[in-house]
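Chains as they are written, first to last, in the numbering used here: chain H, 381 to 495; chain U, 328 to 441. Every residue gets a Cβ at the ideal spot worked out from N, C-alpha and C, and that includes glycine. Remarks on the structure that follows.
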């Protein structure tokens, strides 16, 4: 298996521009998570889906952030408009929920720089 | 709500030294406990896990024992290598009370000197 795939790996954009981050989870996994990691705030859960349905988006910073999961093999995280404080590494992770525990598999991340 | 507290870093050790990274948790139910590791420029990956009290998780020379009486899950390794330099995250999940989320600690950065 190729693991969780994220694109792009690096994104540099200017303040005010729209940014779309993409994620392909591991085939067969039924849960998908978006995280943001910065030096100041550490690892933050933004939103997660189960069976393509958003379960908890309480971590989404504000209305500029939105996430979709149109099918089991694809998800997007969109920032519109972007701001310099959105600069961070964004991780997507997927897992197969079981009754005993769940292991999350992380993608390599997208490093976003907003100038 | 559920939470994880781990020792602040960075931790700096010489090669072959003994490693302990402390982790304690607060949970209303009976969570599963994990240690994840993040190497530079990569995403987190599972290092080891324990799903019930007194279980010992182990992998790559690392060990951690699920201690319900002290609500702890300390990570240990007898002899660290330069290649162990990374950030280590303690985490818990309990699908019965916490839904599908995993709660991560703040991470502890480890530097190992040759």
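Compare the C-beta of residue i against all C-beta atoms of chain U and say whether one is closer than 8 Å.
i	result
residue 474 (chain H)	no
residue 406 (chain H)	no
residue 401 (chain H)	no
residue 396 (chain H)	no
residue 411 (chain H)	yes
residue 423 (chain H)	yes
Starting from the beta carbon of residue i, find every residue of chain H whose beta carbon is closer than 7 Å, and list them in chain order.
i	result
residue 373 (chain U)	483
Which same chain residues end up closer than 6 Å to residue i when comparing Cβ atoms and leaving out the 5 residues on each side of it in sequence?
i	result
residue 339 (chain U)	438
residue 377 (chain U)	360, 384, 393
residue 398 (chain H)	460
residue 474 (chain H)	384, 405, 406, 409, 412, 485
residue 437 (chain H)	427
Is DSSP giving residue i helix, strand or coil here?
i	result
residue 467 (chain H)	coil
residue 411 (chain U)	helix
residue 428 (chain H)	strand
residue 420 (chain H)	coil
residue 385 (chain H)	strand
residue 406 (chain H)	coil
residue 434 (chain H)	strand
residue 354 (chain U)	coil
Find the residues of chain U that neighbour residue i, judging by a C-beta separation of less than 7 Å, and give them in chain order.
i	result
residue 428 (chain H)	427, 428
residue 457 (chain H)	Going along chain U, no residue has its Cβ under 7 Å from residue 457 (chain H), so there is no contact; the nearest lies around 15 Å.
Does any C-beta atom of chain B lie closer than 8 Å to the C-beta of residue i?
i	result
residue 336 (chain U)	Absent here is chain B; the protein component of the structure consists of chains H and U.
By Cβ distance, which residues of its chain are closer than 7 Å to residue i, with the 5 residues on each side in sequence left out?
i	result
residue 372 (chain U)	363, 364
residue 439 (chain H)	424, 425, 426, 427
residue 395 (chain U)	380
residue 432 (chain H)	449, 451, 452
Just reading off the beta strand (DSSP E) that residue i is part of, what are its end residues?
i	result
residue 377 (chain U)	372-377
residue 390 (chain H)	390-393
residue 445 (chain H)	445-451
residue 392 (chain U)	389-392
residue 423 (chain U)	First-last for residue 423 (chain U): undefined, no H or E at that position.
residue 361 (chain U)	359-365
residue 333 (chain U)	330-333
residue 435 (chain U)	435-440
Give every residue of the same chain whose Cβ lies closer than 8 Å to the Cβ of residue i, excluding the five residues on either side of it in the sequence, and list them in chain order.
i	result
residue 390 (chain U)	375, 383, 384, 402, 403, 404
residue 477 (chain H)	410, 411, 430
residue 499 (chain H)	Chain H is shown only over 381 to 495; residue 499 (chain H) falls outside these bounds and no answer can be derived.
Between residue i and chain H, is any beta-carbon pair separated by less than 8 Å?
i	result
residue 441 (chain U)	no
residue 433 (chain U)	yes
residue 356 (chain U)	no
Residues of chain H with CB closer than 9 Å to the CB of residue i, please, in chain order.
i	result
residue 342 (chain U)	The premise fails here: residue 342 (chain U) is roughly 27 Å from chain H at the closest Cβ pair, so nothing lies under 9 Å.
Applying a beta-carbon distance threshold of less than 9 Å, which residues of chain U neighbour residue i?
i	result
residue 477 (chain H)	422, 427
residue 488 (chain H)	368, 369, 370
Listing by chain order, which chain U residues have their CB less than 8 Å from the CB of residue i?
i	result
residue 471 (chain H)	370, 371
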